[in-house]
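Heads up: the sequence shown runs through residues 10 to 261, numbered per our numbering.
Every residue, glycine too, gets a C-beta built ideally from N, C-alpha and C.
All values reported here derive from a predicted model rather than from experimental measurement.
The structure under discussion appears below in the form of structure tokens.
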Amino acid sequence: MYIIEAIDIHKKFGKLEVLKGVTLRQKEGEVVTIIGSSGSGKSTFVRCLNHLEKINSGSIKINGEILVETVSNKVCYRSERDIRAILSNTGMVFQNFNLFPHMSVLQNVMEFPVTVKKQDKETARKRAIELINAVGLAGRENSYPIQLSGGQKQRVAIARALSVQPKVLLFDEPTSALDPELTGEVLKVIKKLAENKMTMIIVTHEMAFAREVSDRIIFIDKGVIEKEGTPSEIFDTNDNERLAAFLKGYSE
10 MYIIEAIDIH
20 KKFGKLEVLK
30 GVTLRQKEGE
40 VVTIIGSSGS
50 GKSTFVRCLN
60 HLEKINSGSI
70 KINGEILVET
80 VSNKVCYRSE
90 RDIRAILSNT
100 GMVFQNFNLF
110 PHMSVLQNVM
120 EFPVTVKKQD
130 KETARKRAIE
140 LINAVGLAGR
150 ENSYPIQLSG
160 GQKQRVAIAR
170 ALSVQPKVLL
180 FDEPTSALDP
190 ELTGEVLKVI
200 KKLAENKMTM
210 IIVTHEMAFA
220 REVSDRIIFI
230 DKGVIEKEGT
240 PSEIFDTNDN
250 ERLAAFLKGY
260 SE
């Protein structure tokens, strides 16, 4: 069974068709990175998987559960209650962190297990401290987001996403808002998750990172998957003009 099945996804914003039939099937423990130019549809696709955007046609299953399907040309989403239950198996890390500014690091990481998973506070607190330590922020439990660097904020965001023990982690350009010197500390945490066989979809502009961490890479151009394959098939072959032009822009 695939942990994610997104079949023939179409998405429009007004008259602009951003996704033109994107399909992804992902196995448990697989790391898939999505690359492509800005505006190609990468982030929109990931946001559709997490119900942050609604699709115009296609179907999405998460962990075998139907989130949305198209029946007789009509898009049919599950009930809001069912959607919340299905998406409780996913975690999302955003490019701009999306931390609660009025909450400490500990409170940010505890919030979802307590409010979504209905964990008791002591259990959530112990797990939160473990995660905070795991992302290299021991001793910062009582700090507030304003007191943290961008890299530290993103590591808190990763800990928060892990706090609900998701089966899948989605990353939407997790380093794009960071200065170059802070990018490495976030990528190090993600690499460790990959080594531990966490199922992940990562939208990224970090080509060296994509090569190192991915089981499979998908190149999206103008809302269409132009090529997908192993890191070697993506970076070491030159059989797709659009991909070659895209990668050349990163090597210059």
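When secondary structure is reduced to three states using DSSP, V114 falls in the helix class.
Taking C-alpha positions only, S81 is separated from P110 by approximately 45 Å.
By the Cβ rule, the stretch 113 to 123 does not count as touching the stretch 187 to 196, because fewer than three pairs are nearer than 8 Å. If the five residues before and after K200 are omitted, its C-beta is found closer than 6 Å to the C-beta atoms of V222, all from its own chain and listed in chain order.
With 16 or more other CB atoms across the displayed protein chains lying within 10 angstroms of its CB, R149 is buried. A direct Cα-to-Cα measurement between F255 and G159 gives close to 28 Å. Counting along the chain, no alpha helix (DSSP H) covers I64, and no H or E run does either.
Only residues of its own chain outside the window of five on either side were considered, and among them I43, K51, S52, V55, F180, D181 and E182 have a CB closer than 7 Å to the CB of V212, listed in chain order.
CA-to-CA, the gap between L252 and E235 works out to about 8 Å. Just measuring C-alpha positions, the residue of H214, V177, I167 and P154 sitting nearest P189 is H214. V165: member of the alpha helix (DSSP H) spanning G159 to L171, first to last residue.
In this structure, T208 keeps its C-beta atom at 7 Å or more from the C-beta atom of V173.
At the C-beta level, A166 and F121 stay beyond 7 Å of one another.
Closest in alpha carbon position to S49, among Q35, H60, K21 and I12, is K21.
Relative to R164, the option among L108, T124, K126 and A217 whose CA is nearest is L108. With a cut-off of 8 Å on Cβ pairs, the stretch 218 to 232 is in contact with the stretch 24 to 32, counting three or more such pairs. Here I69 has A15, L76 and V77 as same chain residues with Cβ atoms under 6 Å from its own Cβ, once five neighbours each way along the sequence are excluded.
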